[in-house]
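Engineer: Submitted below is the structure of interest, expressed as structure tokens.
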Amino acid sequence: GPFFNVRIQGGGRKALRGRMDILTNLDFANGIIVTRTDDVNQYSVDLGSSATITGESETSYVLGVLRSKDRVVSQGSTNTFGGIGVELTTTTGSPGKTVVTRVTGPDDFSYKGVGTSRSIRRGFIFQPDNQGEFNFTLAFHYFDSELNSIPEDNLLLFRSLNGTIPFDKLDKTSLSDNTLTREAIAGTLNATFTLGNSANPLPVTLVSFTAAPTPQGTALLRWTTASETNNKGFGIERQLASGATWQSVGYLASGNNATGGTYEYTDKSLASAVASPQAYYRLRQEDQDDKLSYSPVAVIARPALIASTALVLSPVPATGASISLTFAEVSQAGAEISIINTQGQRLLSYTTEASDSASLSLPIERLAAGVYIVSVRVPGQALRHARFVKL
């Protein structure tokens with residue numbers, strides 16, 4: 001059950017056999033609470049939305065999983081998450097309600113990189129309601145006992161989307177009093193953050209990954225790697241709304257170059273994708289042994305024309321045997337297309353099937369010269385119309 005105020009004293013280690021919910025305060029005088037780490041929902045110390053933890057030290061602390069739940073993070077404010085050892089200030093954007101999980105492991109615990117690279121024995125996992133991109137400052141506190149023999153001056157901040165490789169090196173702005181601070185971090189907060197060794201860093205295979213919109217409504221993706229070991233290739237994945245399913249839109253094989261490489265890919269299918277104000281991209285890095293890891297997310301704003309409900313017919317006037325129809329959902333299944341004359345008679349009906357095509361060719365060779373209306377009905381949307389003249 002939940003506890004309002006708990007004080008840990010008497011020394012030694014106290015094993016938690018389930019979850020401890022703290023409503024007001026958990027205070028450490030002397031002693032260590034140990035939780036399992038295999039199931040954070042069943043074995044953890046959970047601080048409620050206004051609860052705090054105080055008195056933690058080198059000899060008195062939570063060893064295992066400590067969660068700060070449902071803290072609202074707003075732009076411009078600093079949140080300490082009840083004192084769990086991390087402070088977050090967002091300068092652009094509001095993550096909203098956020099769960100932060102602190103994992104502190106025993107002597108053999110760390111986030112593993114390639115070879116002998118490893119992190120300190122502490123990490124923070126952020127899970128914000130708003131999974132977009134932000135600019136933020138992070139202050140990461142740690143104990144000397146968690147350093148895993150890493151020289152303190154060598155500490156750098158790293159970020160991973162899933163707690164494994166690849167890790168994005170974020171560096172540091174300052175380091176003092178067992179606190180590493182990194183200002184002006186850009187990108188996703190929905191990630192795992194830890195500290196690693198600049199002399200033996202966690203693998204930073206990906207140096208940069210950018211996405212940019214084009215006038216044609218496509219997206220140009222570029223990325224650079226510092227090194228590639230056992231790398232099979234890169235899958236390109238796209239998401240049209242935050243929280244939606246990621247879809248594979250392309251693949252590039254890797255040169256598996258030990259000194260890294262530069263890559264470029266154009267997502268042409270975006271021009272005919274369902275309307276959305278933004279598009280999100282990530283890389284799926286595939287190893288020769290089929291292990292997967294993911295890049296940070298890049299986002300673009302889609303041009304208003306491409307993200308609109310407009311129907312585009314060409315050529316107009318029509319003189320040939322067919323006319324091309326383009327609209328945002330043309331590649332989706334289930335859109336009903338009709339050609340109607342000025343008397344309201346339906347002369348052609350067609351239902352789209354899923355495809356990779358950016359346009360649809362409508363046969364008009366049997367139509368007499370005159371004015372016609374193309375209507376498009378996409379499930380769940382209003383009926384759309386466009387006129388054309390056949391000569």
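So that you can map any letter, position 162 of the sequence shown is 162 in our numbering, and since no number is skipped, the others follow by simple counting.
Glycine included, each C-beta is placed from N, C-alpha and C at the ideal position.
All of these numbers come straight from a predicted model, not from anything done at the bench.
Whose C-alpha, out of Asp107, Tyr111, Ala139 and Thr80, is nearest the C-alpha of Val99?
Structural biologist: The option with the nearest alpha carbon to Val99 is Thr80.
Engineer: Smallest Cα separation from Gly93: which of Thr266, Phe167 and Leu189?
Structural biologist: Leu189
Engineer: By how many angstroms is the C-alpha of Phe327 removed from the C-alpha of Pro363?
Structural biologist: 17 Å
Engineer: Three-state secondary structure (DSSP) at Leu63?
Structural biologist: strand
Engineer: Decide if Asp267 is buried, meaning its Cβ has at least 16 other Cβ atoms within 10 Å, or exposed.
Structural biologist: Buried, because 16 or more other Cβ atoms sit within 10 Å of the Cβ of Asp267.
Engineer: At which residues does the beta strand (DSSP E) containing Asp287 begin and terminate?
Structural biologist: Gln278 to Asp287
Engineer: Relative to the C-alpha of Gln381, which candidate in Thr137, Ser198 and Ala335 has its C-alpha closest?
Structural biologist: It is Ala335 whose Cα lies nearest to the Cα of Gln381.
Engineer: Note down the Cα distance separating Gly235 from Leu206, rounded to an integer number of angstroms.
Structural biologist: Between Gly235 and Leu206, the C-alpha separation is close to 14 Å.
Engineer: Just to confirm my understanding: we take Thr24, look at its own chain, exclude 5 residues before and 5 after, and list those with CB closer than 7 Å. What are they?
Structural biologist: Phe4, Asn5 and Ala51
Engineer: Roughly how many angstroms lie between the CA atoms of Leu88 and Ile340, to the nearest whole one?
Structural biologist: 59 Å
Engineer: Please report the Cβ distance between Glu133 and Gly187, rounded to the nearest whole angstrom; I am assuming they are in contact, meaning their Cβ atoms lie under 8 Å.
Structural biologist: 5 Å
Engineer: Please classify Ala310: does DSSP put it in a helix, a strand, or coil?
Structural biologist: The three-state secondary structure of Ala310, taken from DSSP, is coil.
Engineer: Compare the C-alpha of Tyr350 against each of Asp356, Val330 and Glu365 and name the closest.
Structural biologist: Val330
Engineer: Tell whether a beta-carbon distance below 7 Å holds between Arg159 and Phe109.
Structural biologist: no
Engineer: If you scan the region 21 to 98 from start to end, which runs of the beta strand (DSSP E) of 3 or more residues do you find wholly inside it?
Structural biologist: Along the region 21 to 98, the beta strand (DSSP E) occurs as fully enclosed runs of 3 or more residues at 32 to 34, 45 to 47, 52 to 54, 61 to 73 and 86 to 92, listed in sequence order.
Engineer: Alpha carbon to alpha carbon, how far is Ile150 from Gly196?
Structural biologist: 8 Å
Engineer: Have a look at Arg346 and Leu383 and give me their C-alpha separation to the nearest angstrom.
Structural biologist: Cα to Cα, the separation comes out at about 15 Å.
Engineer: Mind checking whether Lys142 and Arg122 have CB atoms under 7 Å apart?
Structural biologist: Note that residue 142 is Tyr in the sequence shown, not Lys. Their beta carbons are under 7 Å apart, which means Tyr142 touches Arg122 by this criterion.
Engineer: I believe Ala211 touches Ile300 by the beta-carbon criterion, under 8 Å. Please report the beta-carbon distance rounded to the nearest angstrom.
Structural biologist: 5 Å
Engineer: Taking Cβ to Cβ, would you say Val40 is nearer than 7 Å to Met20?
Structural biologist: no
Engineer: Using the three-state DSSP reduction, which class does Ala275 fall into: helix, strand or coil?
Structural biologist: coil
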